[in-house]
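One point on numbering: in the UniProt record's numbering, the residue at position 219 of the sequence shown is 219, and numbering is uninterrupted.
C-beta: ideal position from N, C-alpha, C; glycine also.
One structure below.
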Amino acid sequence: MTSLASGDARWSGRRLFVTLLLSVAVWMLLAAACLAVGSTGQIAWPADRVIYRIRLDGVLLASLVGAALASAGVVYQAVLRNPLADPYLLGVSSGATLFSYLWQFPAATALLAFMAGEQYLGQQVFAFVGAVATVAIVFLLATQRGRLEPVTLLLVGVIVNAVNGAVFLLLNALVKDPATPGGPLALLVGGLQQTLPTGHKVAAAVCVAIGWAVMLYAGGKLHVAALSDAEAEALGVRVNRLRWTALIVASLVTAAAVSVSGPIGFVGLVCPHLARLLVGNDPRKLLPLATALGAGLLAVADAATRVLSRPGAAGTALPVGVLTGLVGGPFFLMLLLKTRRG
Numbered sequence: 001m002t003s004l005a006s007g008d009a010r011w012s013g014r015r016l017f018v019t020l021l022l023s024v025a026v027w028m029l030l031a032a033a034c035l036a037v038g039s040t041g042q043i044a045w046p047a048d049r050v051i052y053r054i055r056l057d058g059v060l061l062a063s064l065v066g067a068a069l070a071s072a073g074v075v076y077q078a079v080l081r082n083p084l085a086d087p088y089l090l091g092v093s094s095g096a097t098l099f100s101y102l103w104q105f106p107a108a109t110a111l112l113a114f115m116a117g118e119q120y121l122g123q124q125v126f127a128f129v130g131a132v133a134t135v136a137i138v139f140l141l142a143t144q145r146g147r148l149e150p151v152t153l154l155l156v157g158v159i160v161n162a163v164n165g166a167v168f169l170l171l172n173a174l175v176k177d178p179a180t181p182g183g184p185l186a187l188l189v190g191g192l193q194q195t196l197p198t199g200h201k202v203a204a205a206v207c208v209a210i211g212w213a214v215m216l217y218a219g220g221k222l223h224v225a226a227l228s229d230a231e232a233e234a235l236g237v238r239v240n241r242l243r244w245t246a247l248i249v250a251s252l253v254t255a256a257a258v259s260v261s262g263p264i265g266f267v268g269l270v271c272p273h274l275a276r277l278l279v280g281n282d283p284r285k286l287l288p289l290a291t292a293l294g295a296g297l298l299a300v301a302d303a304a305t306r307v308l309s310r311p312g313a314a315g316t317a318l319p320v321g322v323l324t325g326l327v328g329g330p331f332f333l334m335l336l337l338k339t340r341r342g
């Protein structure tokens, strides 16, 4: 505990600034590379500028979603002390997706009609309710005799994921086609919805920015919370209060991302581990770098789907969630085996 306290004392605003600066530089390099991916066909300047503006919109949306999921993954892993925790694996993404889908029905819209700005905030509110409800259910069911069992947590998350997906498909079968950009199944698979109104994207970005700022502010306490509950309490951290606050904020960030993308898997699992290899376990360093990696890597994945999709064929755009699943699935199995051996 003494070394931890001295480490906290050495932490300075200059280090935080350097970490943020390097993280932004990583994202900018990856984002700039993504803009150059793909051909403009026979379209010449200046008409090809339109294509690059469309690509920029896609890169920014992918960066927003990737940053949100990666930062939420950092917080989930920190407060649950579980390296396998992830918004997708815990069922949080599917819960937010289900409620985000419910928002599009007339009854749900009427429920929020009294809210100022409901046109843009309603979907985020519904997704947030679904995310918080899901994480509460998973957390409570996975707690046995006051202890949170990692294996039980994953099993409960898988079950909740399956139930949320089944309810989504049932609603889709019973109620034909609410106005979902790209079709209802696009939400379930996980794909960037660039056709959403700008107001929806801005609302999601604001929610992510607020949540991220809160998580960064709480980074020092999250670092202390990595110790045992008794040690953290001795250092003045109210562990249960911090845990629930962090879970709610991470769920807000996840919900905002899911409301414009659907449940994109494994970004919140892979990026924190990659960042941890570079800067260690301190959330104050880990959060900015994981956020930048999440933003950049999902932008790269979106660019890859743009290349892999058949040009000019209607309905054949490859959802980015398919690619992240193909890459993240083996990574998850590797971590699971490593955790069991440890």
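*Express the C-alpha separation of A299 and A31 in angstroms, rounding to a whole number.*
6 Å
_Rounded straight-line distance, which links the Cα of F17 to that of L171_ = 47 Å
*asked:* Less than 8 Å between the C-beta atoms of S71 and V253, yes or no?
replied: yes
*asked:* Let me check understanding here. Comparing Cα to Cα, which of A304, L335, V249 and D282 lies closest to G58?
replied: A304
*Can you tell me which of the three DSSP states L56 falls into?*
helix
*Relative to the alpha-carbon of L98, which residue among L84, V125, F332 and V327 has its alpha-carbon at the smallest distance?*
V125
*Between which two residues does the alpha helix (DSSP H) harbouring W212 extend?*
T198 to Y217
*asked:* Report the CB separation of A66 from V267 in whole angstroms; it is logged as a contact under 8 Å.
replied: According to the sequence displayed, residue 66 carries Gly and not Ala. Right, the Cβ-Cβ distance comes to about 6 Å (below 8 Å), so this counts as a contact.
*On a CA-only basis, which of L155, L64, N164 and S63 is nearest Y101? Give me that one, please.*
N164
*Check whether the segment 241-257 touches the segment 280-300, counting contact only when three or more Cβ pairs, one atom from each stretch, lie closer than 8 Å.*
no
*With DSSP run on the structure shown, which of helix, strand or coil describes Q77?*
helix
*Evaluate R147 with the Cβ neighbour count: other Cβ atoms within 10 Å of its Cβ, from every protein chain shown; 16 or more gives buried, anything less gives exposed.*
exposed
_Using 8 Å as the threshold, is the C-beta distance between T134 and G91 below it?_
yes
*asked:* Using C-beta distances below 6 Å, list every residue in its chain close to G211, excluding the 5 sequence neighbours before and after it, in chain order.
replied: V249, L252 and V253
*Around the Cβ of G321, are there at least 16 other Cβ atoms within 10 angstroms (buried) or fewer (exposed)?*
buried
*asked:* So for R147, helix, strand or coil by DSSP?
replied: strand
*Using alpha carbons as the reference points, say which of G191, G296, L269 and T291 lies closest to P330.*
L269
*Buried or exposed: where does M215 fall if 16 or more other Cβ atoms within 10 Å of its Cβ makes it buried?*
buried
*For G199, does the count of other Cβ atoms within 10 angstroms reach 16, so buried, or fall short, so exposed?*
exposed
*asked:* I need the DSSP call for V260, collapsed to helix, strand or coil.
replied: coil
*With a CB to CB cut of under 7 Å and the five nearest residues on each side skipped, what residues in its chain are close to S23?*
P288, L289, T291 and A292
*Within 10 angstroms of the Cβ of I54, are there 16 or more other Cβ atoms? Answer buried if so, exposed if not.*
exposed
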